[in-house]
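This report refers to the structure that appears directly beneath it.
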Amino acid sequence: MSYKHLVEVIKDNTKKYTTKEAIFYKDVASKEWIGISWNNFLEQIQNVSKALLHYGIKEQDNIGIFAQNMTEWIIADIGIMGVRAVTVPIYATNSTKETTYIVDDAEISVLFVGDQEEFDKAEEIYKDNKYLKLIIALTTTVDLRNHKNAVHFTDFINAEFPKSIESELEKRHNEHQLEDLASIIYTSGTTGEPKGVILDHNNFAASLKAHEDELDINENDVSLSFLPLSHIYERSWVFFCIQSGIQVYFNQNPKEIADVLKEVKPTLMCTVPRIFEKIFSAIQEKRKEASPNKMKLASWALGIGNAYNNKYKRLGKKVPFLIKMKFKIADKLVLSKLREVFGGRIKFMPCGGAPLAEDMVSFFHSFGLNIKCGYGLTETTATVSLFGETHFEFNSAGKPIQGTDIKIGDNDEILVKGPGVMRGYYKKPKETAEVFEDGWFKTGDAGKIDAHGNLVITDRIKDLMKTSGGKYIAPQKLEMALVGDSFIEQIAVIGDQQKYVTALAVPSFENIIKYAEEHKISFKDIEELINNNQIKDLFEKRFEELQKEFSKFEKIKKFTLLPKEFSIEAGEITATLKLKRKVIQKKYKELIDKMYAD
């Protein structure tokens with residue numbers, strides 16, 4: 084199969100779309116969305132390439148991007164690729180120590196940074212680093228503090244370049260190959276030291292082509308980007324949108340996502356389960372507060388939506404006339420209002436990074452929100468499998484994308500083979516050899532393939548816990564059953580080599596405060612509230628109810644409520660909001676030990 088280099092695709096699309104807006108950013112002062120045309124997009128990309136050439140960047144040099152989402156991020160990324168160099172994304176939330184590790188391991192000489200915080204960390208690293216030579220601030224508000232080897236992005240790309248740079252850029256473009264390295268992406272490391280995943284242009288091109296064949300999209304679609312571009316999931320999705328001529332809006336502030344959805348009204352958006360878990364909890368809470376008549380209407384409408392969308396449309400069956408008529412009424416009165424939370428125009432929303440509970444997937448589909456659950460890893464250039472248009476199962480991660488094969492190996496491990504699979508881990512031949520078996524990539528995830536060919540994920544093999552009594556616990560399964568509750572914000576199950584299962588739970592502070600007010604519970608702060616016996620009793624009852632389908636040995640026997648959320652900044656969760664279990668167990672060791680003290 085013939086694939087195209089991304090830089091080539093952008094040149095072709097610029098000829099096709101010219102003045103049409105390609106990407107958008109929100110102006111801080113006016114709060115207006117500003118579009119960048121295809122012509123301007125390509126011009127800025129080429130200016131980045133010229134500036135890098137002028138600086139002396141050679142083919143396959145590693146260049147870092149240490150920033151939050153913004154249009155400049157993707158412009159810098161493709162500009163790097165334009166000179167056959169290699170992009171090394173670094174999470175904006177990384178500490179100085181974590182960033183230093185990547186700069187040293189990848190021998191990064193040029194580092195693009197986002198805001199002042201990232202610049203300050205980069206400046207600290209620069210002081211005694213033998214590799215880092217130039218820091219480029221993507222935002223003009225960054226104070227460079229007269230740093231002799233720091234420059235603003237606009238000054239860097241708008242400098243005067245000798246004419247020879249043009250011909251050198253043309254030469255690099257003509258010589259580029261799909262076998263060139265495109266990116267080294269350091270896994271966030273839920274366990275151990277981060278590893279640099281080596282992806283070439285062939286990996287990206289093959290993945291983009293497979294998505295093109297699988298997904299029903301067109302150039303009139305609009306995508307909202309809010310997950311970190313440093314992660315393969317969002318970045319490869321943005322590449323796919325750019326290749327397909329889909330307009331992309333870059334949201335810089337994740338806290339504003341609810342308002343931005345209403346402003347942009349996207350038709351497409353990459354998501355992670357945590358978004359749906361929060362919205363599901365909020366909807367359940369509102370239903371409790373509704374009048375009996377409104378509750379009755381909502382239940383009826385969702386019942387009709389479930390029949391229409393889940394029992395007929397999902398299975399490719401003809402919808403009976405009566406259900407069709409009822410659905411029109413239910414949609415007008417209730418279901419369309421639920422979709423308005425996401426802007427009202429969603430065609431589908433890819434969802435990955437972790438499993439989403441079956442009942443939640445079914446619930447959102449019942450009111451017409453097409454969540455496309457899938458499975459993938461950095462090592463597979465994101466997507467391995469995803470929901471099709473019909474005949475998907477809610478408890479699954481869909482079927483393999485075109486060109487990718489899946490099989491189940493020892494210990495139920497999911498093995499993958501296909502053009503999206505990485506070359507290996509950067510400078511780590513031993514670790515690379517360990518994850519390949521007869522040409523198959525060993526994912527480290529346990530799963531099965533059902534009778535219809537759908538991939539069903541069980542858990543991370545490394546996350547599976549064995550109690551001291553020899554019983555195996557799948558923590559994700561238990562956590563998924565609990566986080567849908569309106570009183571539970573986050574939960575980490577503990578139990579490996581222990582006599583019973585315990586948990587660290589983060590309450591929904593908004594809802595427990597409301598509960599305390601309703602039940603006349605006085606408290607001076609959150610710490611006092613979570614230690615109140617009435618609140619503890621509430622959670623005892625919630626856990627008992629939510630775990631009734633689990634075996635006795637799987638159930639949480641004791642729990643501790645925490646006064647603040649697990650966060651990316653504290654290193655407790657990854658950028659896709661997965662728990663870093665080792666970090667959590669180490670940080671909260673004292674609290675965990677108390678739960679096991681007789």
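Everything in the sequence shown is counted per this note's numbering, starting at 84 for the first residue and increasing by one.
Just so it is clear, CB atoms sit at the ideal spot from N, CA and C, and this is done for glycine as well.
From a predicted model like this one, the values you see are computed outputs, not experimental measurements.
CA-to-CA distance, residue j to residue i, given in whole angstroms
{"i": "T354", "j": "V234", "result": "34 Å"}
{"i": "T350", "j": "F333", "result": "14 Å"}
{"i": "V584", "j": "K640", "result": "6 Å"}
{"i": "K394", "j": "V402", "result": "9 Å"}
{"i": "R318", "j": "P172", "result": "10 Å"}
{"i": "S591", "j": "S569", "result": "7 Å"}
{"i": "N301", "j": "G328", "result": "8 Å"}
{"i": "P502", "j": "T657", "result": "26 Å"}
{"i": "I675", "j": "S551", "result": "16 Å"}
{"i": "E637", "j": "A265", "result": "44 Å"}
{"i": "G507", "j": "N392", "result": "42 Å"}
{"i": "W523", "j": "K500", "result": "5 Å"}
{"i": "D488", "j": "G553", "result": "34 Å"}
{"i": "A384", "j": "I140", "result": "60 Å"}
{"i": "Q485", "j": "D296", "result": "8 Å"}
{"i": "V92", "j": "K631", "result": "53 Å"}
{"i": "Y100", "j": "Q326", "result": "12 Å"}
{"i": "M698", "j": "G399", "result": "Because the chain here runs from 84 to 681, residue 698 falls outside it and cannot be looked at."}
{"i": "E562", "j": "V589", "result": "12 Å"}
{"i": "L194", "j": "K490", "result": "40 Å"}
{"i": "I667", "j": "E655", "result": "6 Å"}
{"i": "K114", "j": "N96", "result": "29 Å"}
{"i": "E514", "j": "G279", "result": "11 Å"}
{"i": "L612", "j": "S605", "result": "8 Å"}
{"i": "K361", "j": "M505", "result": "33 Å"}
{"i": "K624", "j": "F124", "result": "56 Å"}
{"i": "L587", "j": "L645", "result": "7 Å"}
{"i": "A557", "j": "M432", "result": "27 Å"}
Residue i burial status per 10 Å Cβ neighbour count (16 or more: buried)
{"i": "G458", "result": "Here residue 458 is Tyr; the residue named in the question, Gly, does not match the sequence. Y458 comes out buried."}
{"i": "K204", "result": "buried"}
{"i": "I117", "result": "exposed"}
{"i": "M153", "result": "buried"}
{"i": "L282", "result": "buried"}
{"i": "R228", "result": "exposed"}
{"i": "K672", "result": "exposed"}
{"i": "T682", "result": "The chain is shown from 84 up to 681; residue 682 falls before or after that span and cannot be answered."}
{"i": "K647", "result": "exposed"}
{"i": "T659", "result": "buried"}
{"i": "D160", "result": "buried"}
{"i": "S250", "result": "exposed"}
{"i": "T473", "result": "exposed"}
{"i": "Y555", "result": "exposed"}
{"i": "N286", "result": "buried"}
Beta-ladder partner(s) of residue i, from DSSP
{"i": "V499", "result": "I489, F524"}
{"i": "Q330", "result": "V305"}
{"i": "D542", "result": "A529"}
{"i": "A575", "result": "L587"}
{"i": "C456", "result": "C434"}
{"i": "N145", "result": "V169"}
{"i": "G279", "result": "Y269"}
{"i": "A220", "result": "V196, H235"}
{"i": "L674", "result": "Paired residues: none, contrary to the question."}
{"i": "K549", "result": "Y555"}
{"i": "M352", "result": "L307"}
{"i": "K482", "result": "L469"}
{"i": "F519", "result": "F524"}
{"i": "T643", "result": "L587"}
{"i": "I656", "result": "L662"}
Min CB distance residue i to chain C below 9 Å
{"i": "A134", "result": "Included in the structure is just one protein chain, with no chain C present."}
Residue i Cβ short of 8 Å to the ligand FMN heavy atom set
{"i": "K554", "result": "The model on display carries no ligand, and the ligand FMN is accordingly not part of it."}
The segment 651-671 contacting the segment 612-621, beta-carbon criterion three pairs below 8 Å: Short answer: they don't touch.
Three CB pairs or more closer than 8 Å across the segment 412-431 and the segment 386-402: Cβ pair count under 8 Å is three or more, so yes.
Within the segment 419-449, ranges of the beta strand (DSSP E) (whole runs, at least 3 residues): Whole beta strand (DSSP E) segments, 3+ residues: 432-434.
Sequence ranges, alpha helix (DSSP H) only - wholly within the segment 162-217, length at least 4: With a minimum length of 4 residues, the unbroken runs of alpha helix (DSSP H) contained wholly in the segment 162-217 fall at 179-189, 199-210.
At least three beta-carbon pairs within less than 8 Å, the segment 230-248 to the segment 130-147: Taking 8 Å as the limit for Cβ pairs, the verdict is that the segment 130-147 does touch the segment 230-248.
Inter-stretch contact (C-beta, 8 Å, three-pair minimum) for the segment 300-319 and the segment 167-185: Cβ pair count under 8 Å is three or more, so yes.
Cβ contact (3+ pairs, closer than 8 Å) linking the segment 475-486 and the segment 435-455: Because the criterion of three Cβ pairs below 8 Å is met, the segment 475-486 and the segment 435-455 touch.
Completely contained beta strand (DSSP E) runs for the segment 87-111, where each covers 3 or more residues: Runs found: 104-109.
At least 3 beta-carbon pairs within less than 8 Å: the segment 213-228 vs the segment 244-253: No contact exists between the segment 213-228 and the segment 244-253.
Complete alpha helix (DSSP H) runs within the segment 113-144 (minimum length 4 residues, chain order): As summarised for the segment 113-144, the continuous alpha helix (DSSP H) elements at least 4 residues long and confined to that stretch are 121-138, given in chain order.
Segment contact flag, the segment 368-382 with the segment 449-467, C-beta cutoff 8 Å, min 3 pairs: No, they do not touch.
4-residue-minimum alpha helix (DSSP H) runs that sit fully inside the segment 584-637, ordered along the chain: Listed in chain order, they are 592-601, 609-613, 616-629.
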